[in-house]
Amino acid sequence: MGALAAAIAIGLAALGAGIGNGLIVSKTVEGMARQPEASGLLRTTMFIGVGLVEAIPIMGVVIAFIALFA
Amino acid sequence: MPDIKVIFTRSTKYLFFLLALFVLGWGFTTYQTVFAGLILGTTISFFNLWLLYRKSIKLSEAVANGRTVYSLGSISRLASAALVVLIAIRYPEYFNILSSIIGIMTTYFVIIIDLIFLRVIKGKQQEER
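Chains as they are written, first to last, in the UniProt record's numbering: chain A, 1 to 70; chain B, 1 to 129.
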């Protein structure tokens with residue numbers, strides 16, 4: 001059951017983060033292509049957004065490894 | 001909103017302050033495993049932030065030059081968090097696992113608090129104008 005819990009935790013967290021990261025990066029690249037002069041602002045927003053989105057799968061990985069090995 | 005380099009520099013400064021506090025706590029208190037876990041987690045969290053900064057700059061340069069970027073380095077960041085957990089589980093006599101996990105999340109707390117701080121300062125400056 002520990003392996004199943006780890007797989008569900010890491011899989012669902014990675015799924016959500018993948019969708020979120022994809023949306024963030026696609027919109028950022030689109031914005032950079034439309035307005036190259038705003039690329040600094042978009043880059044900052046993407047940096048913060050990707051960083052905060054990845055907090056959840058990192059916690060998923062932590063919970064998965066604790067469920068597997070602790 | 002400030003440039004990515006400004007945000008990274010500010011976060012780096014606060015993370016170094018926090019790391020110095022943790023080292024002091026490790027050296028001068030009896031909670032050595034707790035502070036060692038915090039140092040381990042914060043160091044890896046710092047590495048994650050640097051990796052994200054580097055990849056973000058590479059992405060924006062690639063967009064500007066019409067090149068392709070294949071990854072933002074998510075797997076490396078997840079693997080580094082897994083490494084912290086494995087080290088904390090393998091050596092519980094040196095690292096407290098709970099404080100290691102809190103250490104991994106330090107960067108996110110720093111970024112969020114710094115952003116709120118910047119927003120408040122910017123809002124006050126705009127009100128004064």
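C-beta atoms are modelled at their ideal positions from N, C-alpha and C, and glycine is treated no differently.
- The Cβ neighbour count for L23/A, taken over all protein chains shown within 10 Å, is under 16; the residue is labelled exposed.
- Proximity of chain B to S39/A at the Cβ level (cut-off 8 angstroms) is accounted for by S60, V63, A64, in chain order.
- Positions of the alpha helix (DSSP H) runs, each at least 4 residues long and wholly inside the stretch 66-123 of chain B, are given as 74-90, 97-104 in order along the chain.
- By the neighbour-count definition (other C-beta atoms within 10 Å, threshold 16), L52/B is a buried residue.
- Comparing alpha carbon positions, the residue from Q32/B, V34/B, I4/B closest to L41/A is I4/B.
- A55/A counts as buried, since at least 16 other C-beta atoms from the protein chains shown sit within 10 angstroms of its C-beta.
- Cα atoms of W26/B and T33/B: separation of roughly 8 angstroms, rounded to the nearest angstrom.
- Using a CB distance cut-off of 8 angstroms, Y91/B does not count as an interface residue toward chain A.
- Near chain B, meaning a CB-to-CB distance below 9 angstroms, the residues of the stretch 32-56 of chain A are M32, A33, P36, S39, G40, L41, L42, R43, T44, T45, M46, F47, I48, V50, G51, L52, E54, A55.
- With a beta-carbon spacing of about 6 angstroms, L18/B and T106/B fall inside the 8 angstroms limit used to define contacts.
- The Cβ of A6/A sits no closer than 8 angstroms to any Cβ of chain B.
- For P2/B, there is no enclosing alpha helix (DSSP H), since its DSSP letter is neither H nor E.
- Below 8 angstroms, enough C-beta pairs join the stretch 39-58 of chain B and the stretch 81-88 of chain B to call them touching: three or more.
- With fewer than 16 other CB atoms across the displayed protein chains lying within 10 angstroms of its CB, K122/B is exposed.
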